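J.: My questions will all concern the structure given below.
In the working numbering, the protein residues as written are 10 to 94.
Below, the structure is given as structure tokens:
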């Protein structure tokens, strides 16, 4: 939450401290070593509305970590429009 400051969802002004921490890559319950671990590089702050749009809707997202440690969120809308940052 300190890293993100705000919800990572595009155009969302909610403070990260009131947000859910969402896994960018879903945790694999059948094969835990396959990915989706609960670690900073795989977690991003999302307000509940944005979290539900991703979890129960058709939005997808990913987190890209740059060499200097900055996290860049990438969202793909239901229309396949890519929104970075």
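For every residue, glycine included, the Cβ atom is placed at its ideal position computed from N, Cα and C. Remember, predicted model here, so these are calculated numbers, not experimental data.
1. How long is the line joining the alpha carbons of residue 80 and residue 45, rounded to whole angstroms?
2. Any idea what DSSP makes of residue 65, helix, strand or coil?
3. Would you kindly work out how many angstroms separate the C-alpha atoms of residue 37 and residue 43, rounded to a whole number?
4. In the structure shown, what three-state DSSP assignment does residue 54 receive?
5. Go through its chain and collect everything with a Cβ distance to residue 75's Cβ below 8 Å, but skip five positions before and after it.
6. Exposed or buried, what is residue 26 when buried is set at 16 or more other beta-carbons lying within 10 Å of its beta-carbon?
7. Using the Cβ count rule (16 or more neighbours within 10 Å means buried), how would you classify residue 24?
8. Just how far apart, CA to CA, sit residue 28 and residue 88?
T.: Considering the structure as presented:
1. 16 Å
2. Three-state DSSP puts residue 65 in a helix.
3. 6 Å
4. strand
5. 81
6. exposed
7. exposed
8. 26 Å
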